[in-house]
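Undergrad:
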Amino acid sequence: MHNAASAALGLDRIYVALRVAPEDLAAAVRGLRALGVDGVNVTVPHKPAARALCDELGPEAHDAGAVNTLSFPAGGGIRGDLTDGIGLVAALSEVPERAIVVGAGGTARAAGAALLRAGTRRLTVVARRVDAADRLADALAELEPAAQVGSAAAVPAGRSGLLVHCTPVGGIAALKQLPVPADVIGRMDAVADFAYRADGSATPLCAAALAAGVPVVDGLELLVRQGALSFERWTGREAPLAVMRRAVRAG
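Straight run, no breaks: the sequence shown in the working numbering ends on number 1289.
1) Would the beta-carbon of residue 1199 fall within 8 Å of that of residue 1270?
2) Taking the straight line between their C-alpha atoms, what separation do you get for residue 1169 and residue 1183?
3) What is the rounded straight-line gap between the Cα of residue 979 and the Cα of residue 1253?
4) Does DSSP put residue 1209 in a helix, in a strand, or in coil?
5) Within 10 angstroms of the Cβ of residue 1048, are there 16 or more other Cβ atoms? Answer buried if so, exposed if not.
6) With DSSP as the reference, label residue 1145 as helix, strand or coil.
7) Where do the N-terminal and C-terminal ends of the beta strand (DSSP E) with residue 1118 fall, by residue?
8) For residue 1263, tell me which candidate among 1248, 1244, 1285 and 1089 has the shortest Cα-Cα distance.
9) Could you tell me the distance, in whole angstroms, from the CA atom of residue 1071 to the CA atom of residue 1288?
10) Using 8 Å as the cut-off, can you tell me whether the region 1224 to 1244 makes contact with the region 1126 to 1143, which would need three or more C-beta pairs spanning the two stretches below that distance?
11) Look up residue 1188 in the DSSP assignment and say whether it is helix, strand or coil.
12) With contact counted as at least three CB pairs below 8 Å, one residue from each stretch, are the region 1241 to 1256 and the region 1088 to 1105 in contact?
13) Measuring only the C-alpha atoms, how far is residue 1213 from residue 1242?
14) Compute the distance between the beta-carbons of residue 1301 and residue 1165, then report whether it is under 8 Å.
Following this line, the structure appears as structure tokens:
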């Protein structure tokens, strides 16, 4: 999608994948900066470690303790940003008053923090491991003391709003393996699923939401939104979303 975006804007740029071992991360980042690279995306397992290499952090990266985008400004230094959560907010038609975040890892933290920063006022963190959900809820509550932030082992009854799925289960397994009962989905205002399948087919969660008539933001759209924010950070140009979207969905 990055190469398609650069071509559409007539930019002389190329985006490539580089395999870096964890013990080589710091040397690799220093080398890329020395070579004049504008920036890179950082994926698992490097996100927290890459944060420690940054001289400047965007607010989302600071909140989440991780980065997925490194930029090398002309004036020197390394800038770290995290576009996962703000990509989610950008993909929504409106910021929900209520949201339920499923998962307690880095993506859940980024999504919850971005929603609270954007204006969500009631947030519930749901995870099978209640202690992990408790810790994440406590950390998120510190970001926005005016918001109501809680935790649970399952989606609370009688609530609606946005459901954000932030675990890898939805992309690879049946819906029954999620901590999200099927009857819950129909009472959501919208569903966002960070999981996606390489062939572009719907995850079980997205398929169930669509069948229930619930608006969906799928993982490929979230991937595009994250990438677009990185692209804009590196180039200073507005990302051509339609071009990037076509490139991602074409595989």
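We put the CB at the ideal spot given by N, CA and C, even for glycine. Just so you know, these numbers come straight off a predicted model, no measurement behind them.
TA: Looking at the atomic coordinates:
1) Here residue 1199 refers to the residue found at position 161 when the sequence shown is read from its first residue. Here residue 1270 refers to the residue found at position 232 when the sequence shown is read from its first residue. Cβ atoms of residue 1199 and residue 1270: not closer than 8 Å.
2) Locating residue 1169 in the sequence shown gives position 131, where the first residue counts as 1. Locating residue 1183 in the sequence shown gives position 145, where the first residue counts as 1. Taking the straight line from one Cα to the other gives about 20 Å.
3) In the structure displayed, the chain extends from 1039 to 1289; residue 979 sits before or after that span and is not available.
4) Position 171 of the sequence shown holds residue 1209. For residue 1209, the predicted structure reports a pLDDT of 41, less than 50, and the residue's modelled location is therefore unreliable. A value from the coordinates is still provided. DSSP places residue 1209 in the helix class (H, G or I) of the three-state scheme.
5) Within the sequence shown, numbered from 1, the residue matching residue 1048 stands at position 10. Residue 1048 comes out exposed.
6) Walking along the sequence shown from the start, residue 1145 turns up at place 107. DSSP places residue 1145 in helix when its eight states are reduced to three.
7) Taking the first residue of the sequence shown as position 1, residue 1118 is located at position 80. Residue 1118 -> beta strand (DSSP E) spans 1117 to 1119.
8) Reading the sequence shown from its first residue, position 225 is the one you call residue 1263. Of 1248, 1244, 1285 and 1089, the residue nearest in Cα terms is 1285.
9) Start at 1 with the first residue of the sequence shown, and residue 1071 comes out as number 33. Start at 1 with the first residue of the sequence shown, and residue 1288 comes out as number 250. Per the coordinates, the alpha-carbon of residue 1071 lies some 32 Å from the alpha-carbon of residue 1288.
10) Judged by Cβ distances under 8 Å, the region 1224 to 1244 makes contact with the region 1126 to 1143, as three or more pairs qualify.
11) Taking the sequence shown and counting its residues from 1, one reaches residue 1188 at position 150. The three-state reading of DSSP puts residue 1188 in strand, counting E and B together.
12) At 8 Å Cβ cutoff, the stretches do not touch.
13) Here the question's residue 1213 lines up with position 175 in the sequence shown. Here the question's residue 1242 lines up with position 204 in the sequence shown. Reliability of the predicted coordinates at residue 1213 is poor, the pLDDT of 43 falling under 50, and no value is obtained from them.
14) Only positions 1039 to 1289 of the chain appear in the structure, and residue 1301 is not among them; the question remains open.
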